[in-house]
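Here's the structure, in structure tokens; my notes come after.
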Amino acid sequence: MANLNDLTLSQLDQAVALVPDEHERRFINYLRYPKNEIIVNFPVFVRGKNDEIRDFVMMKGYRIQNSNLLGPYKGGIRFSDNVRLDEVKGLAFLMTIKTALLGIPLGGAKGGVKIDTSQFTEKDLARVAREYARATYRFVGGDVDIPAPDMGTTPKLMDIMTAEYQKLKKTHDTDMFTGKSIGFGGSVTRNAATGRGLVQCFQAHQAQVQDEFKTFAVQGFGNVGSNTAFLLESECLMRCVAVSDHTCMLVKTNGFDLAELRAWMDEHKVLRGYGQGQEVEAKEYWSTPCDLFVLAACEFQVCGEQARALRCGTILEGANGPVDSAADRIFQERGIAVIPDVLCNAGGVFVSYLEWVGNRKRMQLSEEEENAKLDTIMLKTYNKVAYLSREMRCTLRQAAYLLALRTLNYHYDRKHVD
Ligand code: NAD
């Protein structure tokens with residue numbers, strides 16, 4: 039199965055099957071369809087390195103508004119060559135589950151532009167962002183739909199989209215995009231928030247299972263992967279024994295120097311060429327012995343083959359949908375715990391929520407305040423999910439879905455009277 043929308047719907051079905059009488063058939067059916075599927079085709083004048091008009095390119099952009107049962111739609115915008123309708127639909131659905139699980143007054147959405155960012159200059163990407171904002175601004179707003187960054191997009195691109203929206207709508211409001219730069223109304227901690235949330239969840243898990251975790255591997259060394267790795271090293275005193283990105287896979291049993299690795303990445307952007315560790319093939323990389331495997335690249339990275347090869351006790355899903363259904367079953371059979379995406383990577387949307395609230399009140403929280411709120415909600419949510427999973431004898435993923443569904447069903451009942 040290589041379709042994220044199908045994967046997320048099958049996860050929904052597996053959770054619902056545990057409590058066949060808890061939710062009405064029509065509520066579940068209602069959840070299976072996004073409310074709005076917006077596709078835009080828009081032109082961009084690409085200038086290239088010499089800043090001369092080189093090409094007139096038609097781009098395809100998406101905004102899937104999955105659910106606004108709990109509040110305005112909320113979710114990132116991805117710039118990637120892999121962006122497809124099914125992928126964006128799946129990601130939007132996951133956002134609905136995450137915001138409901140956290141219990142924040144926001145719904146779920148996702149957007150994207152199909153673009154190979156490596157082929158464009160920074161200035162051209164800024165032009166793409168501005169045109170995407172022009173093409174979609176009618177569907178966006180602080181009370182309507184609040185996009186944010188995701189893979190391939192940055193705080194700077196959010197600033198550009200916000201500025202374009204402000205111009206078109208003649209407003210000084212900034213609450214229609216989150217993940218902006220700090221100077222443009224962004225939150226102080228948003229950049230590292232997803233990684234911090236992941237580590238909070240992991241620490242709560244560690245406290246419950248009372249296992250010793252000494253080593254970890256990480257797939258993907260971008261925003262989520264690198265921030266998580268740093269915190270696992272500094273807060274949990276763990277050693278990073280394997281790391282990869284889309285260019286290569288490296289293993290080093292006595293542990294990477296993460297500060298040095300980050301300095302390399304800041305300069306070169308890719309792992310290939312970094313002198314440390316041993317470059318290995320996929321089979322060896324996935325079977326690196328470690329206590330924790332952090333998946334922080336993208337969807338469908340772990341299928342049956344990788345699931346059988348892995349030699350770790352716990353998986354932390356930093357990325358959205360990194361594990362397919364077959365792999366999930368293998369993990370259950372092998373007793374490998376999976377801390378699921380909808381739970382552990384929800385720190386990013388939580389801090390986006392703080393940014394949105396702050397923008398509406400025209401105030402900004404301090405770093406300490408944001409971190410304290412993030413730590414509290416991640417710990418509380420993990421504990422609720424873990425408790426239900428023990429009570430129902432189900433996986434953490436199924437328990438997370440069940441808790442989210444209860445919240446969504448409550449709002450659905452109030453809003454849909456026969
Ligand atoms: P990013 O673009 O900063 O980093 C992605 C990393 O994954 C890069 O190092 C890239 O080289 C690597 N990668 C891509 N394809 C790979 C492959 N096939 N094998 C190995 N490595 C590969 O993106 P990010 O913001 O860190 O997001 C990563 C994942 O986390 C995505 O699934 C995203 O939706 C999810 N996520 C991100 C946030 C956030 O706040 N950034 C929040 C929640 C979920």
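Numbering (the numbering used here) for the sequence shown: 39 to 456.
Just so it is clear, CB atoms sit at the ideal spot from N, CA and C, and this is done for glycine as well.
Given the structure is predicted, the values throughout are model-derived calculations rather than measurements.
Taking the Cα positions, A437 is about 12 Å away from A55.
For N79, the beta-bridge partners assigned by DSSP are K98. Here F83 is exposed, its C-beta having fewer than 16 other C-beta atoms within 10 Å.
For the options A138, V57, S264, the alpha carbon positioned closest to that of E298 is the one of S264. As computed with DSSP, F240 is found in no beta bridge at all. Here the region 133-140 makes contact with the region 376-385; the two share three or more CB pairs at distances below 8 Å. With a threshold of 6 Å, the Cβ atom of C336 counts as near the ligand NAD, since some heavy atom of the ligand is closer than that. For L330, the enclosing beta strand (DSSP E) stretches over residues 330-333. The DSSP-derived three-state label of M214 is coil. A direct Cα-Cα distance of roughly 32 Å separates Y170 from N409. Residues Q238 of the same chain have their beta carbon placed closer than 6 Å to that of D413, with the five preceding and five following residues left out of the count. The continuous stretches of alpha helix (DSSP H) do not include K290, and DSSP gives it neither H nor E.
Rounded to the nearest whole angstrom, the C-alpha separation of E160 and N43 is 31 Å. Around the CB of K112, 16 or more other CB atoms lie within 10 Å, so the residue is classed as buried.
Bridge pairing for P187: I115 [DSSP]. With 16 or more other Cβ atoms inside 10 Å of its own Cβ, F254 counts as buried. For N229, same chain residues with a beta-carbon under 6 Å away, outside a window of 5 residues either side, do not exist. Not one heavy atom of the ligand NAD sits closer than 6 Å to the Cβ of Q241. Here K152 has K98, V121 as same chain residues with Cβ atoms under 6 Å from its own Cβ, once five neighbours each way along the sequence are excluded. According to the DSSP assignment, L195 belongs to the alpha helix (DSSP H) that extends over 193-207.
In chain order, D249, E250, F251, K252, T253, F254, M276, C350, G351, T352 place their CB closer than 8 Å to the CB of D329, counting only its own chain and leaving out the 5 sequence neighbours on each side. Under the Cβ criterion (8 Å, minimum of three pairs), the region 198-209 counts as touching the region 172-179. Distances from the CB of V262 to the heavy atoms of the ligand NAD include at least one below 6 Å. DSSP, reduced to helix, strand and coil, places S282 within a strand of the structure shown.
About 7 Å separates the beta carbons of G86 and D162, which is inside the 8 Å limit, making them a contact pair. Look at G149: its beta carbon is at least 6 Å from all of the heavy atoms in the ligand NAD.
DSSP, read as helix, strand or coil, puts F254 in strand. For G146, the uninterrupted beta strand (DSSP E) run begins and ends at 146-152, by DSSP. If you compare the alpha carbons of E305, Y312, A375 with that of V332, the shortest gap goes to A375. Under the three-state reduction of DSSP output, N104 falls in the strand class.
Our two residues, E407 and G223, have alpha carbons roughly 16 Å apart in a direct line. Bounds of any beta strand (DSSP E) do not take in T46; it lies within the alpha helix (DSSP H) bounded by 42-56. At a Cβ-Cβ threshold of 7 Å, S225 and Q257 do not count as neighbours. The beta carbon of S325 sits no closer than 6 Å to any heavy atom of the ligand NAD. Taking the C-beta atoms as reference points, L132 is found nearer than 7 Å to V380. Within 6 Å of the C-beta of N358 there is at least one heavy atom belonging to the ligand NAD.
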